[in-house]
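In the numbering used here, the protein residues as written are 5 to 89. Every residue, glycine too, gets a C-beta built ideally from N, C-alpha and C. From a predicted model like this one, the values you see are computed outputs, not experimental measurements.
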């Protein structure tokens with residue numbers, strides 16, 4: 005995040021992700037938005053620092069999800085509504 009340009013692109017990528025998720029939850033499919041998200045993701049993957057950051061972020065999210073599942077199992081709570089389709 006030391007590089008302002010890379011940090012700005014990652015922030016823009018996250019904003020596009022949120023918009024795409026909101027559209028999906030609303031039952032809409034915005035092809036232009038998805039295409040823009042994909043292109044920006046490709047650009048970020050070409051940058052080693054951005055790519056490493058996004059992969060680390062992805063792994064962290066996976067770990068947090070696993071912790072939630074383990075906790076839910078321990079207290080016998082159904083988190084099926086949080087599962088992705």
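Just tell me which of the options has its CA closest to the CA of residue i.
i          : options           : result
residue 12 : 48, 36 and 43     : 48
residue 21 : 37, 31, 10 and 30 : 37
residue 24 : 10, 15, 9 and 40  : 40
Closer than 8 Å by C-beta to residue i: which residues in its own chain qualify, once you throw out the five before and the five after it? Chain order, please.
i          : result
residue 33 : 27
residue 67 : none
Enumerate in chain order the residues of its own chain whose CB-to-CB distance from residue i is below 7 Å, with the five nearest sequence positions on each side excluded.
i          : result
residue 19 : none
Does DSSP put residue i in a helix, a strand or coil?
i          : result
residue 65 : helix
residue 76 : helix
residue 6  : coil
Is residue i near residue j, with beta carbons less than 8 Å apart?
i          : j          : result
residue 17 : residue 50 : no
residue 10 : residue 80 : no
residue 62 : residue 14 : no
Completely contained alpha helix (DSSP H) runs for the segment 19-55, where each covers 4 or more residues: Fully enclosed alpha helix (DSSP H) runs of no fewer than 4 residues occupy 35-50 of the segment 19-55, in order along the chain.
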